[in-house]
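Peer 1:
2 protein chains.
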Amino acid sequence: MKRDRIEEIAELLDKRGKLSLEQLATYFPNVSQMTLRRDLFQLEQAGKIIRVRGGAMSVKEVQKVSGEPYTKKTAIHTDEKIKIAQKAAALIDEGCSLFIDGGTTAMYLAKEIPDMFINVFTNGLAVAIELAQKRKLNVNMLGGQVMKDNLSTASPVAKSYFEDTNFELAIISTTAFTPESGFTCGSQVEADLLRLVRRKAKSLYMMLDSSKIGKIMPYTFARVEDIDVLITDDNFPADLKTLFSEKDIVVM
Amino acid sequence: MKRDRIEEIAELLDKRGKLSLEQLATYFPNVSQMTLRRDLFQLEQAGKIIRVRGGAMSVKEVQKVSGEPYTKKTAIHTDEKIKIAQKAAALIDEGCSLFIDGGTTAMYLAKEIPDMFINVFTNGLAVAIELAQKRKLNVNMLGGQVMKDNLSTASPVAKSYFEDTNFELAIISTTAFTPESGFTCGSQVEADLLRLVRRKAKSLYMMLDSSKIGKIMPYTFARVEDIDVLITDDNFPADLKTLFSEKDIVVM
DNA sequence: TAGATTTTTGTAAAATTTTAACACGTTTGA
DNA sequence: TCAAACGTGTTAAAATTTTACAAAAATCTA
């Protein structure tokens, strides 16, 4: 039981890279934090993890040369995003061809996608690296100028790149949403890219964590009626839910 | 002075592996612990160290353990590669536009390039992420299929991408070299890309760590006479040095 | 060069996390 | 069966980190 738990913790850390003690505690509700602490201590002794203030991280994570998440402040709304990502990952069918954007939610989606034969296009550097870990999966990176704040690329040249590529599905996450302005983002070229993706894809799934509702960014890249499925979390307001449902958009 | 101190801290940590804040404080008696703390925070952001309770440890230290395919590669001959990267970084002038490839040596180069106003094109995902950390620097990522073994992209589409872009300098690293076959790599599309880069760039600097001498890969992308500067380590054989020098190629 | 603005630094309190100590139930093995 | 060893939970104490604010230094600008 102890052994099992410790192994589970090690696996979790390998998957997540880094976990706080509180997050660990939610995974193991029937033991105390002190016990988990002692487990972490043992794993540290074994050289499998590194304890950092607030929790621990897997050694593997550090070994990824410039691995992103552990430096980033991914702390915000992580759990919601992971849940959304899990829902989205479940919607992907083997053999399909899809586009994923470069946001942080997309990053979690990349982690959750199981290793299977699919073609993925992305404009996210971190997303591409994460996906490259999977053997069966084929990753295609969109080129362009790298945006430093979210590690994704965008460029007008993408248009020509897309000419010869096809994908059935696009799963994108938004940084801001209001019913009036629709889904918006902060950069002109990014909006251009996403609009292009929207037109290219047969279906468009949108990942929206509820913390982004009510925010408006300068450029609209999609409106409510443009999407086919909305993937969100439990805090999604009921009135918005009906708004989407009325337009035959699946909310999950 | 801040910059210097931070660098000193990074070096110290690379040497010692792990240091407590108190130990650090004895090394820097004229600044407060809070300042050191902030320095460590910055270094953590840059991905060079990991802060642990009580102090910090260098990423290198952790990386010395075993790891994944890409990681494994980076672990070998690290010190030589870093030295080569430092030499190469010193050759970059502010304001210029250059291409860097996606290899592991290029990764170290990316780390060594100071934050200045330059334009960098790269086909390396990890390289792009590393460069994106720098404020003044502008990064452009080449798109294409992601090669999982070295986290770089290559695609025939790159050709069209390059049509409107210009760079004076290309610094690329090779995976194999012999005087007869020249600089070779393992993938057809990668060779295509590098040949294209070679023709686009006014000057071509090649990074070659001596462990790669004598190895041959299937595709030649450059011959001895194609390059302008060869950047290598101290173990570089004297006879090869003369071979390059005879063709007016700077060896350093 | 003076003045304004930004950056860097120091101090001390507040918040958080970790450790230590002890008690209690369970398992193990003679 | 009993005792020793082990795993666990609870609490208080210790240590570390973060935050907030002010002062000093450096940089920029007119």
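Chains as they are written, first to last, in the numbering used here: chain A, 1 to 252; chain X, 1001 to 1252. Just so you know, even glycine gets a beta-carbon here, dropped at the ideal spot from N, CA and C. Quick caveat, the model's predicted, so the values are computed rather than measured.
Taking the alpha carbon of G1047/X as the point to measure from, which residue in G1102/X, A1170/X, M1107/X has its own alpha carbon closest?
Peer 2: As a first step, residue 1047/X must be located in the second sequence, where it is residue number 47. Checking every option, the nearest Cα to that of G1047/X belongs to M1107/X.
Peer 1: Measure the alpha-carbon distance for L13/A versus L24/A and round it to whole angstroms.
Peer 2: On the first sequence, residue 13/A is found 13 positions in, with the first residue counted as 1. On the first sequence, residue 24/A is found 24 positions in, with the first residue counted as 1. If you take the alpha carbons of L13/A and L24/A, they lie about 9 Å apart.
Peer 1: Suppose the cutoff is 8 Å on Cβ atoms and the five residues either side in sequence are ignored; what does the same chain contact list for F99/A look like?
Peer 2: For the purposes of this step, residue 99/A is taken as residue 99 along the first sequence, with counting starting at 1. Within the same chain, F99/A has close Cβ partners V120, F121, T122, F167, L169, A170, I171, I172, V197, K200, A201.
Peer 1: Any heavy atom of the ligand SAM closer than 7 Å to the Cβ of A170/A?
Peer 2: Absence of the ligand SAM is noted for the structure shown, with no ligands found whatsoever.
Peer 1: Just tell me which of D1239/X, I1227/X, T1232/X, D1233/X has its CA closest to the CA of D1248/X.
Peer 2: Residue mapping note: residue 1248/X aligns to position 248 of the second sequence, counting from 1. Closest by alpha carbon: I1227/X.
Peer 1: Quick one: using the 10 Å Cβ neighbour count with 16 as the cut-off for buried, is A158/A buried or exposed?
Peer 2: Locating residue 158/A in the first sequence gives position 158, counting from the first residue. Buried.
Peer 1: For Q145/A, which residues in chain X fall below 9 Å Cβ to Cβ?
Peer 2: Taking the first residue of the first sequence as position 1, residue 145/A is located at position 145. Result: N1138, V1139, N1140, M1141.
Peer 1: Considering only the alpha carbon of each residue, which of V1229/X, E1011/X, A1010/X lies closest to E1246/X?
Peer 2: For the purposes of this step, residue 1246/X is identified with residue 246 of the second sequence, where counting begins at 1. Ranking V1229/X, E1011/X, A1010/X by Cα distance to E1246/X puts V1229/X first.
Peer 1: Can you have a look at R1053/X and say buried or exposed, based on whether 16 or more other CB atoms are within 10 angstroms of its CB?
Peer 2: Here residue 1053/X corresponds to residue number 53 of the second sequence, with the count starting at 1. Exposed, because fewer than 16 other Cβ atoms sit within 10 Å of the Cβ of R1053/X.
Peer 1: Is S1152/X near G1102/X, with beta carbons less than 8 Å apart?
Peer 2: Taking the second sequence and counting its residues from 1, the one referred to as residue 1152/X is at position 152. Taking the second sequence and counting its residues from 1, the one referred to as residue 1102/X is at position 102. A contact, by the Cβ cut-off of 8 Å.
Peer 1: To the nearest whole angstrom, what separates the beta carbons of T174/A and C185/A, a pair I think is in contact under 8 Å?
Peer 2: Reading the first sequence from its first residue, position 174 is the one you call residue 174/A. Reading the first sequence from its first residue, position 185 is the one you call residue 185/A. Contact flag correct, Cβ pair sits at about 7 Å.
Peer 1: Give a yes or no on whether 8 Å exceeds the smallest Cβ distance from L151/A to chain X.
Peer 2: Translated into positions along the first sequence, residue 151/A becomes position 151. Taking Cβ atoms only, chain X reaches closer than 8 Å to L151/A, which makes this a yes.
Peer 1: Output needed for M57/A: all residues of its chain with C-beta closer than 7 Å, excluding positions within five of it in sequence on either side, in chain order.
Peer 2: As a working mapping, residue 57/A is identified with position 57 in the first sequence. Counting only Cβ-Cβ distances below 7 Å, and skipping sequence neighbours, we find L13, G17, K18, I49, I50, Y70.
Peer 1: Can you tell which of R37/A, Y219/A, L193/A has the C-alpha that lies nearest to the C-alpha of F183/A?
Peer 2: Stepping through the first sequence from its first residue, residue 183/A is reached at position 183. Closest by alpha carbon: Y219/A.
Peer 1: For the beta strand (DSSP E) containing I1049/X, list its first residue and its last residue.
Peer 2: Working through the second sequence from its first residue, we reach residue 1049/X at position 49. Counting along the chain, the beta strand (DSSP E) containing I1049/X begins and ends at 1049 to 1052.
Peer 1: Drop a sphere of 10 angstroms on the beta-carbon of V250/A, count the other beta-carbons inside from all chains shown, and report buried for 16 or more, exposed for fewer.
Peer 2: What you label residue 250/A is simply residue 250 of the first sequence in a count that begins at 1. Label assigned to V250/A: exposed.
Peer 1: Less than 8 Å separating the beta-carbons of A132/A and E112/A?
Peer 2: Indexing the first sequence from 1 puts residue 132/A at position 132. Indexing the first sequence from 1 puts residue 112/A at position 112. No, they are not a contact pair.
Peer 1: Among L194/A, D234/A, I118/A, which one has its Cα closest to the Cα of K134/A?
Peer 2: Translated into positions along the first sequence, residue 134/A becomes position 134. That would be I118/A, whose Cα lies nearest to the Cα of K134/A.
Peer 1: With a threshold of 8 Å between beta-carbons, can S292/A be considered close to chain X, or not?
Peer 2: Within the shown structure, residues of chain A are numbered from 1 to 252, placing residue 292/A beyond reach of any answer.
Peer 1: Quick one, which of T242/A, T232/A, F41/A, D239/A has its alpha-carbon nearest M252/A's?
Peer 2: If you number the first sequence from 1, residue 252/A lands on position 252. Nearest option by C-alpha distance: T232/A.
Peer 1: Where does F41/A land, buried or exposed, given buried means 16+ other C-beta within 10 angstroms?
Peer 2: Position 41 of the first sequence, counted from the first residue, corresponds to residue 41/A. Exposed, since its Cβ has fewer than 16 Cβ neighbours within 10 Å.
Peer 1: Would you say S20/A faces chain X, with C-beta separation under 8 Å as the test?
Peer 2: Position 20 of the first sequence, counted from the first residue, corresponds to residue 20/A. No, its Cβ sits nowhere closer than 8 Å to a Cβ of chain X.
Peer 1: Measure from the alpha carbon of S187/A to the alpha carbon of each residue in G95/A, E163/A, F221/A, then state which is nearest.
Peer 2: Sequence index remark: in the first sequence, residue 187/A carries index 187 (1-based). Checking every option, the nearest Cα to that of S187/A belongs to F221/A.
Peer 1: Strictly under 8 Å for the Cβ-Cβ distance: is V1065/X near chain A by that measure?
Peer 2: Locating residue 1065/X in the second sequence gives position 65, counting from the first residue. With a pLDDT of 43 at V1065/X, under the threshold of 50, the modelled position of this residue cannot be trusted; read the value that follows with caution. Closer than 8 Å to some Cβ of chain A, the Cβ of V1065/X qualifies, so yes.
Peer 1: Check each candidate in Q1033/X, M1206/X, V1189/X, Q1145/X and name the one with the smallest Cα separation from K1087/X.
Peer 2: By 1-based counting over the second sequence, the position of residue 1087/X is 87. Checking every option, the nearest Cα to that of K1087/X belongs to M1206/X.
Peer 1: Could you list which residues in chain X have their beta carbon closer than 9 Å to that of S58/A, in chain order?
Peer 2: On the first sequence, residue 58/A is found 58 positions in, with the first residue counted as 1. Chain X residues near S58/A: none, gap ~10 Å exceeds 9 Å.
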